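The structure appears below as structure tokens.
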Amino acid sequence: MKKLIQIFLVFILFISLPLTTKAHVLEQAVTKNLGKANTSVSLRSLTTGNILYEHNGHTLMKPASTLKLLTGSAALHILGKDYTFTTDLYIDGIITNGTLHGDVYIKGGGDPTLQQQDFLTFATILKRHGIRKVEGHLYGDDSAFSGQVLTPGIAKQDETEYYAARISALTMSPNADYDAGTVIVQVTGNTAKKAPSFTVLPNTSGMKFVNQAKTVAKTGENTLTVKRQYDSNTVVLTGNIPQGSTVKKWVTLQDPTINTLHAIKNTWQSAALNVAQVSVGRKMVPTTAQKLYTKESLPLHKLYPVFMKLSNNSIADILVKTLGREVHGVGNTENGVAVLRGYASSLGLNISQWRFEDGSGMSHANRVSANELTALLTTMQQQPIYSSFYQGLPIGGQPNRLVGGSLRTRFDTNGLRGRVMAKTGSITNVYTLSGYVTAKSGRQYAFAIMTDKKNAQVMKQIDRLVETIVQNY
């Protein structure tokens, strides 16, 4: 019996040794690449859910956009993968001889896919109902969301950047990246030493543009900046643009509802719908109004890859407010965050290890531990929404933007390409990466790497750490 026990202990030691060696190799890689301070790492087996390696795994860190892992899974689970956002077109008045004597209402439902082609569709619908002219108002009903249009915790210097857009329930997007709450300013360098020309897409007359930029020779340096001034509708173009070149810049909207209404009005005028004398404003749809049309967004499972792969903060904010409205009846960030907290708890996660005030990860007040991120990733395998959740993640080394997303230029060597499916994260001095990795052994793991340090090489160091997992696990 004693001999059998000895043999058993030797066997246990034998099978444990490779894991110990692997953990030691990973610990050395952490120390070499990232250092032990302000770094948190967690690696879990997807088979057992056990932690195979951790470094400061319980330390609360700023997650940046890896927080979208929780936001996205909550949206898929609670709203459902087939959930759609709606925008409704109403009229309230009398139509005589092609003229609507009354008002048009656009009721927003938080649709991030609302674009200029939809405005043209609205015009077509009005014409089908015999309307060629409107004598009244164009109102936007954005009551589906309440509270602040700007997510809490956004730094002042970030407020005018496209990734920190203001969001209302009636907010347009300039293209199929669905950066809701922005317009594209397209600038072209024409005649040297002259101001460049520019167009705004979609065209909204609710903004003031100050063009201080200059066109320089074709060989000149492009130093063009296009910035909306803080807490203002004024956009200033500065710097130089080479002759013959065209540059696109994304600019946030000061008042997304009103700016969207101006863009709708301008589009209708270009479509030969006479709204020249129509004023725009914000007003709830009255009970007397007649609904003419409902525009539906893509279903959530098709919108989800754009959200995750391109790390779209506007969609994150919309999802949080929508969760708040659908669960608690009022669509604001506070209610949405409460839903996220309850969802995390329902998954069996340690809610004391989660602190957040948004769903995008933009706030520096957000905190979560690396062990909790890997716990979430492991738990997701047992969820009905896992397929949509997993397929929405950026894939390392895949050049297509809607496949590789924010990882398309990372892990792009033959030994790593396609092995990493993970969510990136970055805010000032913070870099994070969390998701799934398939090692050379064929085994798959959940991992999270979180740093909070000022170091230009951090992303490369994180990638080397993931490569260590691929090579040794």
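Numbered by full-length UniProt numbering, the letters in the sequence shown go through residues 1 to 473 in order. Just so it is clear, CB atoms sit at the ideal spot from N, CA and C, and this is done for glycine as well. Note that the coordinates shown come from a computational prediction; the quantities given were computed from them, not determined experimentally.
Could you compute how far the alpha carbon of residue i sits from the alpha carbon of residue j?
| i | j | result |
| --- | --- | --- |
| residue 376 | residue 148 | 29 angstroms |
| residue 444 | residue 456 | 29 angstroms |
| residue 173 | residue 255 | 14 angstroms |
| residue 268 | residue 119 | 7 angstroms |
| residue 78 | residue 374 | 21 angstroms |
| residue 201 | residue 175 | 9 angstroms |
| residue 102 | residue 279 | 12 angstroms |
| residue 402 | residue 277 | 42 angstroms |
| residue 203 | residue 266 | 7 angstroms |
| residue 467 | residue 25 | 12 angstroms |
| residue 368 | residue 76 | 21 angstroms |
| residue 140 | residue 223 | 38 angstroms |
| residue 354 | residue 44 | 19 angstroms |
| residue 198 | residue 228 | 15 angstroms |
| residue 129 | residue 412 | 54 angstroms |
| residue 84 | residue 294 | 11 angstroms |
| residue 117 | residue 263 | 11 angstroms |
| residue 123 | residue 98 | 13 angstroms |
| residue 396 | residue 426 | 17 angstroms |
| residue 156 | residue 66 | 22 angstroms |
| residue 110 | residue 88 | 11 angstroms |
| residue 438 | residue 470 | 7 angstroms |
| residue 271 | residue 121 | 10 angstroms |
| residue 285 | residue 162 | 30 angstroms |
| residue 106 | residue 80 | 25 angstroms |
| residue 288 | residue 298 | 29 angstroms |
| residue 282 | residue 275 | 17 angstroms |
Whose C-beta lies closer than 8 angstroms to the C-beta of residue i among residues of the same chain, with five residues either side of it excluded?
| i | result |
| --- | --- |
| residue 100 | 91, 93, 94, 126, 131, 133, 134, 135 and 136 |
| residue 33 | 461, 462, 464 and 465 |
| residue 215 | 189, 190, 191, 192, 193, 194, 195, 196, 240, 241, 242 and 243 |
| residue 315 | 112, 178, 180, 303, 306 and 307 |
| residue 52 | 19, 22, 23, 43, 44, 45, 445 and 473 |
| residue 391 | 305 |
| residue 219 | 242 |
Beta-carbon separation of residue i and residue j under 8 angstroms?
| i | j | result |
| --- | --- | --- |
| residue 55 | residue 30 | yes |
| residue 71 | residue 359 | yes |
| residue 398 | residue 410 | no |
| residue 432 | residue 63 | yes |
| residue 82 | residue 261 | no |
| residue 331 | residue 168 | no |
| residue 378 | residue 46 | yes |
| residue 312 | residue 164 | no |
| residue 370 | residue 357 | no |
| residue 210 | residue 226 | no |
| residue 61 | residue 450 | yes |
| residue 405 | residue 273 | no |
| residue 372 | residue 349 | yes |
Looking only at its chain, what residues have a beta carbon closer than 7 angstroms to the beta carbon of residue i, apart from the 5 residues adjacent to it on each side?
| i | result |
| --- | --- |
| residue 4 | With a pLDDT of only 48 at residue 4, under the threshold of 50, the placement of this residue in the model should not be trusted, and no figure is reported. |
| residue 453 | 38 and 429 |
| residue 74 | 323, 339, 340 and 343 |
| residue 233 | 206, 207, 208 and 254 |
| residue 422 | 393, 394, 407, 433, 434, 435 and 436 |
| residue 212 | 236, 237 and 238 |
| residue 230 | 156, 159 and 160 |
| residue 459 | 431 |
If you follow the alpha helix (DSSP H) that residue i is part of, which residue opens it and which one closes it?
| i | result |
| --- | --- |
| residue 334 | 333-346 |
| residue 242 | Taken as a continuous stretch (DSSP letters only), residue 242 belongs to no alpha helix (DSSP H), being part of the beta strand (DSSP E) at 240-242. |
| residue 261 | 256-270 |
| residue 466 | 458-472 |
| residue 320 | 313-328 |
| residue 72 | 68-78 |
| residue 379 | 370-380 |
Considering only residues of the same chain and omitting the five flanking positions on each side of residue i, which have a CB-CB separation below 6 angstroms?
| i | result |
| --- | --- |
| residue 10 | For residue 10, the pLDDT reaches just 43, beneath the cut-off of 50, and the residue's location in the model is therefore unreliable, although a value from the coordinates is still provided. If we look at residue 10 and ignore the five residues flanking it on each side, it has no Cβ neighbours. |
| residue 335 | 324 and 328 |
| residue 248 | 184 and 186 |
| residue 259 | 204, 206 and 253 |
| residue 474 | Nothing about residue 474 can be reported from this structure: the residues present for the chain run from 1 to 473 only. |
| residue 415 | none |
Residue i lies in the beta strand (DSSP E); which residues open and close that run?
| i | result |
| --- | --- |
| residue 102 | 99-108 |
| residue 211 | 208-211 |
| residue 55 | 51-55 |
| residue 197 | 197-201 |
| residue 45 | 39-45 |
| residue 88 | 86-96 |
Taking 8 angstroms as the threshold (beta carbon to beta carbon), is residue i in contact with chain B?
| i | result |
| --- | --- |
| residue 60 | Of the protein chains in this structure there is only one, and it is not chain B. |
At a cut-off of 7 angstroms, is residue i close to the ligand ATP when judged by its beta-carbon and the heavy atoms of the ligand?
| i | result |
| --- | --- |
| residue 116 | Among the ligands in the structure shown, none appear at all, so the ligand ATP cannot be discussed. |
Worksheet item: What are the complete alpha helix (DSSP H) segments, minimum 4 residues, inside the stretch 274-310?
Response: Counting only runs of 4 or more, we get 300-309.
Fill in: Segments of 3+ residues assigned as beta strand (DSSP E) that fall wholly inside the stretch 112-190
Counting only runs of 3 or more, we get 133-135, 137-141 and 182-188.
Worksheet item: Along the chain, which unbroken stretches of the alpha helix (DSSP H) at least 4 residues long are found entirely within the stretch 384-453?
Response: With a minimum length of 4 residues, the continuous alpha helix (DSSP H) runs that stay inside the stretch 384-453 are 386-391 and 401-404.
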